[in-house]
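Residue numbers in the first sequence follow this note's numbering, run continuously in steps of one, and reach 874 at the last position. Structure first, commentary second.
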Amino acid sequence: MSQKPSIPQGTRDFGPTEVLQRKYVLSCIENAFKGAGFMPIETPSMENLSTLTGKYGNEGDQLLYKVLNSGDFFKKVVENNAQIVDANLTSKQLLPLIAEKGLRYDLTVPFARYVAMNRNTIQFPFKRYQMQPVWRADRPQKGRYREFWQCDGDIIGSDSLLNEFELLYCYDQVFQSLQIPVTIKINNRKILSALAEACGSIELLHTIAIGIDKIDKIGLEKVMEELQKEGIQDYAIEKIKAYLLLPKSIESLNAIEQICNNNASFQKGKEELEELLNYLNNRIKSSIEVDFSLARGLGYYTGTIVEVQANAGSLKMSIGGGGRYDNLTSIFGLNGVSGVGISFGLDRICDVMNELNKYPENLTAKNTKILFCYFDKAGQHKGLDCTLELRARGIASEVFPDITKKISKQLDYANALNIPYVGIIGETEIETNTIMLKALGTGNQSAYTITDLIKKLGQ
RNA sequence: GUGGUUUUAGCUCAGUUGGUUAGAGCGCCUGAUUGUGGUUCAGGAGGUCGUGGGUUCGAGCCCCAUAUUCCACCCCA
416 MSQKPSIPQG TRDFGPTEVL QRKYVLSCIE NAFKGAGFMP IETPSMENLS
466 TLTGKYGNEG DQLLYKVLNS GDFFKKVVEN NAQIVDANLT SKQLLPLIAE
516 KGLRYDLTVP FARYVAMNRN TIQFPFKRYQ MQPVWRADRP QKGRYREFWQ
566 CDGDIIGSDS LLNEFELLYC YDQVFQSLQI PVTIKINNRK ILSALAEACG
616 SIELLHTIAI GIDKIDKIGL EKVMEELQKE GIQDYAIEKI KAYLLLPKSI
666 ESLNAIEQIC NNNASFQKGK EELEELLNYL NNRIKSSIEV DFSLARGLGY
716 YTGTIVEVQA NAGSLKMSIG GGGRYDNLTS IFGLNGVSGV GISFGLDRIC
766 DVMNELNKYP ENLTAKNTKI LFCYFDKAGQ HKGLDCTLEL RARGIASEVF
816 PDITKKISKQ LDYANALNIP YVGIIGETEI ETNTIMLKAL GTGNQSAYTI
866 TDLIKKLGQ
């Protein structure tokens, strides 16, 4: 009985071409990080659920993949929790009894956990990069996957805004080298906090942030409606409206100062934003946009926040984002350590690259320079010897593995895989100790000795 | 998690009101060519119509469930 093969929703296989393309993007990102002094780390796919829960907000917790405990977990639940196990037990109550591990949701929280665990051996400020898959139990759409790769760079253990600059510079370098036109949007959570305070309470920050983040998508009026539904008071709505009507520019800071009644949080945010812009000044080619409506969902950001959007193509989703987090490691018992990080969304970047056709042409070609073709066992052995000799000199080559009735089958193989040369070995070639070298592009062919062949292909 | 949408040959897709043996293009295989690919010509293989139920004399088409694709919410890389 055969079974119809399939993979889970929201996951994908990658064929040879796709893997080469993804590795190309990964190497661009890695080069930028390495060039700026970042060091690589890797962390496990699974973390303890206690490490992950509560870091991403309620919605985030729901999107965590949980890993079922090993062994006869149900029996253990019944034995150890007899008093609460009955038909009324909710899934939410049951969950901690049967799952202690979960798949990581991002790379930042595992990194904070890593830093807290290894604080005594890490040299601060610590600059690390990490490129690994993450998992979210989201409903998939285009550009939205359940398994996708993030490429994170973080600098932890330093308050300096120079770090923010370094990371934005990485963004700039990567997207320049990939030739994707982008807008890097910048804001500061402290300014949003000031707005929330001016609207009544810092508790409103999350609601307001989620609301105003949607302005580009649904428009001012709808945002106002939504905020009203969430119970924001009328005077506050007016403030938010005035805030959102301001131009996307650093010039709007003065007006925001009025709206926020010049509170302390605002002043700090303003200073940080201005200092960052001073660092960026004339040092970055990508377009930078100060966007006060930029909010970002993740719960742990406290200062600078950034998001990268592709300026071309139909995929207008963000292809990267990040920000500063002051208190993330303190959750794991390491206080007074501030960090800032960015993330590249590899899968979406690849989607954009595909649409814009920005991959280098030779990326899809096989490495193989030459395929040896033959008619019989003697030719096969000679072909094998030639192949091994070429490989020893660093020239990638192959012998066709099967003796075929027609040599066209072997040529078809070379054609289909974009192998530029074939070396044909028949009776004549064996007698004269030569190889008939044929360039598949032009169809030209002539006889070479192995020494001349090495010279020709080694160029 | 809510609502909608998609699925027919390896690929891209037709398929009328429920009616005989489900089609096309491309690709693939064989031959025209016993040592040479890309063009041309001739022939050929390949389908449980996503899966499982149901209605019907009869289902690719109608109904239910489920999976998958894409989309809008929610949220996000």
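Think of the CB as a built atom: it goes at the ideal place given N, C-alpha and C, for glycine as much as any other residue.
Straight-line gap, residue i to residue j (C-alpha atoms, nearest Å)
{"i": "Gln538", "j": "Thr783", "result": "44 Å"}
{"i": "Ala531", "j": "Val549", "result": "21 Å"}
{"i": "Cys614", "j": "Glu722", "result": "25 Å"}
{"i": "Leu826", "j": "Asp631", "result": "55 Å"}
{"i": "Phe488", "j": "Glu494", "result": "10 Å"}
{"i": "Phe681", "j": "Lys470", "result": "25 Å"}
{"i": "Glu612", "j": "Gly475", "result": "25 Å"}
{"i": "Asp649", "j": "Phe448", "result": "47 Å"}
{"i": "Met416", "j": "Leu483", "result": "Note that Met416 has pLDDT 42, beneath the 50 cutoff, so the model's placement of it is unreliable and the number below is only indicative. Using only the alpha carbons, I get a separation of about 29 Å."}
{"i": "Ile625", "j": "Tyr836", "result": "58 Å"}
{"i": "Pro431", "j": "Ser733", "result": "27 Å"}
{"i": "Gly858", "j": "Ile845", "result": "22 Å"}
{"i": "Gly452", "j": "Gly568", "result": "11 Å"}
{"i": "Ser823", "j": "Ile839", "result": "11 Å"}
{"i": "Ile601", "j": "Val705", "result": "5 Å"}
{"i": "Asn750", "j": "Gly634", "result": "40 Å"}
{"i": "Lys731", "j": "Arg763", "result": "10 Å"}
{"i": "Lys820", "j": "Tyr560", "result": "47 Å"}
{"i": "His796", "j": "Thr458", "result": "47 Å"}
{"i": "Asn676", "j": "Lys683", "result": "14 Å"}
{"i": "Val755", "j": "Ile570", "result": "5 Å"}
{"i": "Gln588", "j": "Asn777", "result": "22 Å"}
{"i": "Glu804", "j": "Met454", "result": "38 Å"}
{"i": "Gly517", "j": "Tyr480", "result": "5 Å"}
{"i": "Gly737", "j": "Ser812", "result": "45 Å"}
{"i": "Ile513", "j": "Gly809", "result": "54 Å"}
{"i": "Leu950", "j": "Ala527", "result": "With the chain covering 416 to 874 only, the question about residue 950 has no answer from this structure."}
{"i": "Asn496", "j": "Leu464", "result": "20 Å"}
{"i": "Asn693", "j": "Asn726", "result": "24 Å"}
{"i": "Phe747", "j": "Thr466", "result": "8 Å"}
{"i": "Glu770", "j": "Leu660", "result": "34 Å"}
{"i": "Ile623", "j": "Asn678", "result": "18 Å"}
Beta-bridge partners of residue i, as assigned by DSSP
{"i": "Ser758", "result": "Asp567 and Gly736"}
{"i": "Phe541", "result": "Ile571"}
{"i": "Cys788", "result": "Ile839"}
{"i": "Ile850", "result": "Tyr863"}
{"i": "Ala514", "result": "Leu483"}
{"i": "Thr598", "result": "Ser702 and Gln724"}
{"i": "Asn603", "result": "Thr719"}
{"i": "Val814", "result": "Phe787"}
{"i": "Arg559", "result": "Gln556"}
{"i": "Met461", "result": "Leu518"}
{"i": "Met532", "result": "According to DSSP, which records beta bridges pairwise, Met532 is partnered with nothing at all."}
Close-in-space but distant-in-sequence residues of the same chain around residue i (CB under 8 Å, 5 per side omitted)
{"i": "Met768", "result": "Gln436, Val440, Leu593, Ile595 and Tyr774"}
{"i": "Leu855", "result": "Leu826, Ala829, Asn830, Ile834, Pro835, Tyr836 and Val837"}
{"i": "Ala409", "result": "Given that the chain is displayed from residue 416 to residue 874, the structure contains no residue 409 and the question cannot be resolved."}
{"i": "Gly798", "result": "Phe787, Cys788, Tyr789, Val814, Phe815, Gly838 and Ile840"}
{"i": "Glu687", "result": "Leu576, Asn603, Lys605, Gly718 and Thr719"}
{"i": "Gly558", "result": "Leu730, Met732, Asp762, Arg763 and Asp766"}
{"i": "Asp428", "result": "Ile422"}
{"i": "Met639", "result": "Ile652, Ile655 and Lys656"}
{"i": "Thr426", "result": "Tyr560, Arg561 and Glu562"}
{"i": "Ile869", "result": "Glu804, Leu805, Arg808 and Ile810"}
Neighbourhood of residue i by C-beta distance below 6 Å, restricted to the same chain and skipping five residues each side
{"i": "Gln565", "result": "Leu522, Val549 and Ser758"}
{"i": "Asp628", "result": "Ala710"}
{"i": "Arg519", "result": "Glu462, Pro525 and Val549"}
{"i": "Lys685", "result": "Leu668"}
{"i": "Gln724", "result": "Thr598 and Ser733"}
{"i": "His621", "result": "none"}
Cβ-based neighbour list, residue i, same chain, cut-off 7 Å, excluding 5 preceding and 5 following
{"i": "Tyr863", "result": "Thr849, Ile850, Leu852 and Lys871"}
{"i": "Ile456", "result": "Tyr529, Arg543 and Gln545"}
{"i": "Tyr715", "result": "Lys470, Tyr740 and Leu743"}
{"i": "Pro643", "result": "Correcting the residue identity first, residue 643 is Gln in this sequence and not Pro. Excluding sequence neighbours, Gln643 sits near Ile652."}
{"i": "Asp574", "result": "Ser753"}
{"i": "Phe590", "result": "Val597 and Ser701"}
{"i": "Thr802", "result": "Phe787, Ser812, Glu813 and Val814"}
beta-carbon residue i near the ligand ATP non-hydrogen atom, thresh 6 Å
{"i": "Pro455", "result": "This structure lacks the ligand ATP; in fact it carries no ligand of any kind."}
*asked:* Between the segment 690-706 and the segment 574-592, can you find at least three pairs of beta-carbon atoms closer than 8 Å?
replied: yes
*Taking contact to mean at least 3 C-beta pairs separated by less than 8 Å, is the segment 786-793 in contact with the segment 603-612?*
no
*At what residue ranges does the segment 614-644 contain a whole run of the alpha helix (DSSP H), taking only runs of 4 or more?*
Runs found: 620-628, 630-633 and 635-644.
*Complete beta strand (DSSP E) runs within the segment 657-712 (minimum length 3 residues, chain order)*: 702-705
*Pick out the complete alpha helix (DSSP H) segments inside the segment 422-467, 4 residues or longer, and give them in chain order.*
431-450 and 464-467
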